[in-house]
Structure formats: C-alpha cells, structure tokens
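Undergrad: Protein chains in written order, with full-length UniProt numbering: chain H, 1 to 455; chain D, 1 to 108. Backbone N, C-alpha and C fix where the C-beta goes; we use that ideal spot for every residue, glycine too. The structure under discussion is supplied below as structure tokens; questions concerning it will follow.
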C-alpha cells in the first residue's frame with residue numbers, strides 16, 4: 001500500500017495550487033504547507049493490501065482482537081475508499097474515526113473555508129486555520145492522527161457535472177452535507193453509481209441517521225420523493241446547533257461506514273435513527289423499503305442526474321443565509337444612512353425584531369425589542385407597547401419626518417416586519433414611515449462599529 | 001379513544017414564521033395526548049389530520065398539511081414504524097396508538 005503518499009503529496013502553497021484554492025488568493029496566502037487539492041477527473045489507483053504489517057498490527061491491535069472485526073475486517077477496511085461530502089460538524093467525526101480505524105482512502109470534499117463560528121462543532125479545524133479550505137484543513141489534522149491513510153481533499157462544490165464522476169471513484173459515500181439540493185444530488189449519483197450512502201443530519205438538539213441504497217434498501221427519494229418547501233428548511237446559522245449533537249450523530253455515521261467497509265451488516269439500512277439531545281432519547285424507526293415507483297432507484301438504468309438541483313429544491317446548495325428582497329430601495333436604510341440619522345438626532349424608533357436569545361447576545365442600546373413572532377401574531381401586548389412608543393414619537397415637537405425602523409441580524413426578518421407594520425398601521429402611514437436597516441446588525445458591525453459582536 | 005401523538009423532531013419547520021421550532025405550530029407543545037370523540041366508523045389517519053388541523057394547529061397550517069396529507073419533508077410514524085408500512089392515510093387508529101410527526105433535518 002502506498003501508505004506515505006499522503007505526506008509525499010504535501011506541497012507548499014505556490015502559484016499553481018493557489019489557483020485551485022481561490023479563497024487563498026492575493027494577500028490571504030499564508031505559508032501553509034498544504035495538501036494538494038484534487039480534481040473530479042483524477043483517476044484513483046486501486047487499493048490493494050494482502051496482509052497487515054507489524055506497525056499495522058500494533059496500531060490496530062485493540063480492534064483486531066474483536067472477533068466480529070478481526071484481521072479480515074481490518075484488511076477489508078484498508079481496501080475501501082470513502083468519500084466524505086461536507087467537512088463540517090458531521091464530516092469531522094466521520095473522517096476522524098474512519099482515519100483512526102485505518103480506512104484505505106478518504107476523499108474529503110467541501111467548497112467552504114474555515115470560519116470562527118464553525119469551531120464549536122467542526123473540531124478538526126482550528127484557530128490557525130481561519131480562511132483555509134475545510135477540505136485541506138481536515139487533511140492536515142488527519143495526517144497527524146494517521147499518516148498511513150491516503151487523503152484526497154476536494155475544494156469544490158458538488159454539482160451535476162462533477163458529482164457522478166467523483167462518486168464513481170469511491171466505494172462508500174458519507175453524506176455530511178448541509179443542504180437539500182446536495183442531498184438529492186448525492187442520492188441520485190449514488191443510485192446511478194451503485195454506491196451505499198450513509199446519510200446523517202443535525203440541527204439544534206436533534207440528529208438523524210440512516211443508510212440509503214444499500215443492497216435492496218430504499219434510497220433518499222423513496223422516503224422523500226418531493227423536496228420540502230424551501231421556507232420550511234432551516235440552516236445551522238439560523239436554527240443553531242449544539243456542537244456535540246453532530247459529534248454524536250457523526251460518530252454513529254462513522255460506525256455505519258466502518259461496518260459496511262469491513263464487511264459487517266449495517267444497522268441502519270431500512271431503519272432511521274432519531275436522536276433528541278434535549279430529552280436524551282434515541283429512537284429507531286423502521287422505514288419503508290425500496291419503492292416501486294421511486295423516480296431514482298425503481299429503475300436505476302433510467303435514473304438521470306438532474307440538470308439543476310437548486311431549481312428542483314427551490315433552495316441553494318449551501319447553508320449560507322438567503323437574502324430576501326420584499327421592500328423597495330426607498331423603504332430601506334443602509335447602515336451608513338442609519339448612522340447619519342443617529343448622528344443628526346432625528347427622532348425615530350428602532351425596533352429589534354430578533355428572537356430573545358439573539359437579543360441577549362447583543363443589541364443596539366437605544367433599540368426596543370419586539371420579536372417578529374409577536375408582530376406576526378399581532379400579539380396585543382407587543383402591539384399596544386408599540387402604539388405607545390409611536391404616539392410618543394409622533395408627539396415629539398419637531399416637524400421632521402418620523403421614522404419607525406426595524407432591524408434584525410441580516411436584514412431579512414426586518415423586511416417582513418416592515419410589511420407587517422405597514423399592514424397594522426396602514427391608516428396612519430402619513431404620520432410616520434416604516435423602513436428597515438439593510439444588512440441588519442451584521443452590516444452595522446462590519447461597516448459602522450467594529451466593536452459590535454458578530455455571530 | 002385515547003391517541004397519543006407527538007410533534008417530535010419538527011423543529012426544522014420554518015424559521016421565519018416559527019422561530020422556536022415547529023412545536024410552536026401546536027402552541028409550543030411537543031407532545032399531545034388527545035381523546036378523540038366517538039364516531040360510528042373507526043378513526044383513520046386522514047381524519048386525524050383534519051382533526052389536528054381544526055383543533056390544534058394555531059397558525060400556518062400549510063406548513064404541516066397540504067391537501068389531505070402532510071407536506072413534503074414530514075414523515076409520519078405509527079407506533080415507531082413508517083406510516084407507509086401501515087397503510088398511510090387509511091390506517092385505522094387503535095386505542096393508545098402513538099403517532100409521531102417528524103421533519104427531515106438537513107444541517108451538517
């Protein structure tokens with residue numbers, strides 16, 4: 001086995017490889033010794049190992065003595081390649097335990113770079129890796145853990161062009177992605193390529209895990225033929241996630257991959273694991289078998305990779321926040337305009353519409369807090385509080401235009417709030433105008449007050 | 001007839017409308033134990049969904065029900081099994097049945 005290839009392929013980040021790593025261009029280039037990022041079209045050599053070496057025996061001795069696993073399990077593992085799609089909260093524990101246990105080859109794919117807000121759950125990156133591609137960062141960490149595994153970082157997003165090409169090159173696929181279009185794409189490509197798919201997800205205090213497309217088991221589309229309406233999908237930035245939750249679910253995901261790779265029977269094909277961390281409850285649910293009318297797997301000869309998964313799902317293939325545009329430009333204030341209004345002491349009300357936990361993190365001191373939910377429900381307590389404030393504003397002596405301004409984290413909810421306020425106070429709009437702050441508090445932190453917390 | 005049902009794992013319903021998670025759809029309650037009124041024919045899931053919609057859903061019912069069934073992305077479990085194995089909408093409820101609505105998660 002070409003066990004040291006991983007290290008030999010380490011290169012210093014020079015001009016040619018920077019081109020593959022657009023996030024490190026220009027002045028962001030640091031003198032990292034970077035594992036080389038790989039392309040979708042690269043043909044990977046077969047993994048071939050007929051016996052364990054003495055260092056292998058020493059390293060893996062504690063699992064070699066397990067009768068269910070043993071020498072044969074270890075040899076099987078060493079001949080298997082696994083593609084980890086997403087090097088985040090799930091991808092880290094999956095890759096970590098597979099690398100430690102001696103998997104043959106690990107492909108690590110992620111389009112994103114390391115950010116500070118990742119580190120509470122994406123525990124293989126680190127403070128010195130900010131801005132580095134996650135696929136590269138994770139390989140740097142894994143090489144320290146087990147240098148005998150072959151690692152291939154892919155710094156790219158999976159798309160209908162490269163998806164099938166990459167997935168065909170691996171034996172088992174671990175879906176550790178964070179968005180709906182990628183989950184459908186990965187499923188369809190796995191069906192087409194005939195690869196088992198170990199799929200996990202986590203959000204807030206909850207996690208789910210199951211195995212798709214294993215032998216005659218169901219695929220993702222058997223269970224979910226239609227994507228959920230995009231407004232019902234929450235990402236980790238909006239919904240939050242406790243770092244330990246993907247840690248637990250990702251560890252179980254690694255276990256499922258290891259079972260399949262070593263020749264054991266997986267536990268979660270046809271079974272869905274649900275984990276509720278708040279209640280400390282695990283549930284195993286028996287799910288339907290392969291569906292005869294499944295668009296993907298009922299006749300895999302006819303399965304096709306769609307042209308556009310983002311259109312199919314009505315959402316973006318990343319977990320970055322979307323930007324709404326409900327308001328016209330003159331119904332919005334830029335943070336600079338708002339700053340000027342403040343400096344000129346123009347009377348106004350600033351309504352912070354974020355939920356309480358976010359207001360507890362930070363707020364502008366002169367803002368009043370009315371959560372969007374209170375406005376949506378036209379909650380009497382909040383509305384009468386608001387009426388009092390507006391009456392005070394209108395009665396202030398000076399004649400300038402009176403403005404009620406809404407603000408939130410990024411400038412989406414604040415637009416919804418403006419719409420609701422226009423509806424509630426429709427008859428009184430000649431007394432004041434309602435606007436929101438474009439880009440919200442995060443734009444304020446970026447452009448006006450660098451001391452304001454970002455989250 | 002007493003039917004226990006949970007709104008379990010529904011928290012990834014829309015953030016915009018239901019900040020704290022979709023248990024808010026049902027007024028913040030994750031777990032309901034309900035006694036359905038007696039009727040001549042046995043209750044089935046189709047009727048249970050209608051009953052839930054009229055009696056428990058506080059806002060935005062379309063985030064839970066579309067047409068006469070649950071919206072895409074919600075999985076219904078009857079006594080810890082996928083409802084597809086149990087007859088889906090036609091499953092006839094029995095006393096002390098446990099119905100769970102889960103919503104798929106996509107974060108990672």
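Is the beta carbon of residue 253 of chain H sitting closer than 8 angstroms to the one on residue 94 of chain H?
TA: It is a contact, given that the beta carbons lie within the stated cut-off.
Undergrad: For residue 256 of chain H, which of helix, strand or coil comes out of DSSP?
TA: Helix, per DSSP.
Undergrad: Taking CB distances under 8 angstroms as the criterion, tell me whether residue 246 of chain H reaches chain D.
TA: Yes, its Cβ sits closer than 8 angstroms to a Cβ of chain D.
Undergrad: Between residue 122 of chain H and chain D, is the shortest Cβ-Cβ distance under 8 angstroms, so that the two count as touching?
TA: So no, residue 122 of chain H is outside the interface.
Undergrad: Mapping the DSSP letters down to three states, classify residue 519 of chain H as helix, strand or coil.
TA: Missing from the structure shown is residue 519 of chain H; chain H here goes from 1 to 455 and no further.
Undergrad: Just reading off the alpha helix (DSSP H) that residue 156 of chain H is part of, what are its end residues?
TA: It is not in any alpha helix (DSSP H) - residue 156 of chain H carries neither H nor E in the DSSP assignment.
Undergrad: Pick helix, strand or coil for residue 86 of chain D, following the three-state DSSP scheme.
TA: Coil at residue 86 of chain D, not helix or strand.
Undergrad: With a threshold of 16 other CB atoms inside 10 Å of the CB of residue 262 of chain H, please say whether the residue is buried or exposed.
TA: Classification of residue 262 of chain H: buried, given that the 10 Å Cβ count is 16 or more.
Undergrad: Could you tell me the alpha carbon to alpha carbon distance between residue 450 of chain H and residue 443 of chain H, rounded to whole angstroms?
TA: Taking the straight line joining both Cα atoms gives about 10 angstroms.
Undergrad: Between the Cα of residue 354 of chain H and the Cα atoms of H/441, H/433 and H/290, which residue gives the shortest distance?
TA: When each option's Cα is compared against that of residue 354 of chain H, the closest is H/441.
Undergrad: By how many angstroms is the C-alpha of residue 189 of chain H removed from the C-alpha of residue 49 of chain H?
TA: If you take the alpha carbons of residue 49 of chain H and residue 189 of chain H, they lie about 28 angstroms apart.
Undergrad: Determine the chain D residues that contact residue 208 of chain H at a beta-carbon separation under 9 angstroms, and present them in chain order.
TA: Result: 9, 102, 104 and 105.
Undergrad: Indicate whether residue 331 of chain H and residue 400 of chain H have their beta-carbon atoms separated by less than 8 angstroms.
TA: Their beta carbons are not under 8 angstroms apart, which means residue 331 of chain H does not touch residue 400 of chain H by this criterion.
Undergrad: With DSSP as the reference, label residue 132 of chain H as helix, strand or coil.
TA: Of the three classes helix, strand and coil, the one that applies to residue 132 of chain H here is coil, per DSSP.
Undergrad: Are the C-beta atoms of residue 295 of chain H and some chain D residue less than 8 angstroms apart?
TA: With 8 angstroms as the cut-off, residue 295 of chain H does not count as an interface residue toward chain D.
Undergrad: Of the residues H/428, H/109, H/322 and H/287, which one's Cα is nearest the Cα of residue 224 of chain H?
TA: The residue with the shortest Cα to Cα distance from residue 224 of chain H is H/287.
Undergrad: For residue 87 of chain D and chain H, any beta-carbon pair shorter than 8 angstroms?
TA: So, not an interface residue.
Undergrad: Taking only beta-carbon atoms, is residue 63 of chain D less than 8 angstroms away from chain H?
TA: Chain H contact via Cβ: present.
Undergrad: I'd like the list of long-range same chain contacts for residue 222 of chain H, defined as Cβ closer than 7 angstroms, with 5 residues on each side in sequence excluded.
TA: Cβ neighbours of residue 222 of chain H beyond the five flanking positions: 288, 290, 291, 294 and 297.
Undergrad: How far does the beta strand (DSSP E) with residue 308 of chain H in it extend, from its first residue to its last?
TA: Note, residue 308 of chain H: premise wrong, no beta strand (DSSP E); not H, not E.
Undergrad: Looking at residue 295 of chain H and the ligand COA, is the gap between the Cβ and the nearest heavy atom below 7 angstroms?
TA: This structure lacks the ligand COA; in fact it carries no ligand of any kind.
Undergrad: Identify the contact partners of residue 178 of chain H in chain D, using a Cβ-Cβ distance below 7 angstroms as the criterion.
TA: Those within 7 angstroms of residue 178 of chain H in chain D are 106, 107 and 108.
Undergrad: How big is the Cα-Cα spacing for residue 56 of chain D and residue 106 of chain D?
TA: Distance between the alpha carbons of residue 56 of chain D and residue 106 of chain D is about 27 angstroms.
Undergrad: Could you tell me whether the segment 143-155 of chain H touches the segment 90-105 of chain H, where touching means 3 or more Cβ pairs closer than 8 angstroms?
TA: At 8 angstroms Cβ cutoff, the stretches touch.
Undergrad: Between residue 172 of chain H and residue 196 of chain H, how many whole angstroms is the CB-CB distance? I'm expecting something under 8 angstroms.
TA: With a Cβ gap of about 5 angstroms, residue 172 of chain H and residue 196 of chain H count as contacting.
Undergrad: Using a Cβ-Cβ distance under 8 angstroms, would residue 94 of chain D count as near chain H?
TA: Not an interface residue.
Undergrad: Return the CA-CA distance between residue 356 of chain H and residue 387 of chain H, expressed in angstroms with no decimal places.
TA: Cα to Cα, residue 356 of chain H sits roughly 21 angstroms from residue 387 of chain H.
Undergrad: Under 8 angstroms between the Cβ atoms of residue 312 of chain H and residue 181 of chain H?
TA: Yes. Within cutoff.
Undergrad: Looking at residue 437 of chain H and residue 405 of chain H, is the spacing between their C-beta atoms short of 8 angstroms?
TA: Yes.
Undergrad: Would you decide whether residue 53 of chain H is buried or exposed? Buried here means 16 or more other CB atoms lie within 10 Å of its CB.
TA: By the 10 Å Cβ count, residue 53 of chain H comes out exposed.
Undergrad: Along the chain, which unbroken stretches of the alpha helix (DSSP H) at least 4 residues long are found entirely within the segment 159-243 of chain H?
TA: 163-167, 180-193, 220-223 and 236-239, all fully within the segment 159-243 of chain H.
Undergrad: Any residues in the segment 184-216 of chain H with a beta carbon nearer than 9 angstroms to a beta carbon of chain D? Which ones, in chain order?
TA: Listed in sequence order: 200, 201, 202, 203, 204, 205, 206, 207 and 208.
Undergrad: Would residue 108 of chain H and residue 78 of chain H be called neighbours here (beta carbons separated by less than 8 angstroms)?
TA: Against a cut-off of 8 angstroms, the Cβ pair of residue 78 of chain H and residue 108 of chain H comes out as no contact.
Undergrad: Compare the C-beta of residue 394 of chain H against all C-beta atoms of chain D and say whether one is closer than 8 angstroms.
TA: Answer no: the Cβ-Cβ gap between residue 394 of chain H and chain D never drops below 8 angstroms.
Undergrad: Should residue 418 of chain H be flagged as near chain D, meaning a C-beta pair shorter than 8 angstroms?
TA: Closer than 8 angstroms: no.
Undergrad: For residue 232 of chain H, count neighbouring Cβ atoms within 10 angstroms of its own Cβ and tell me buried if that reaches 16, exposed if not.
TA: Counting Cβ neighbours within 10 Å, residue 232 of chain H comes out buried, since at least 16 surround it.
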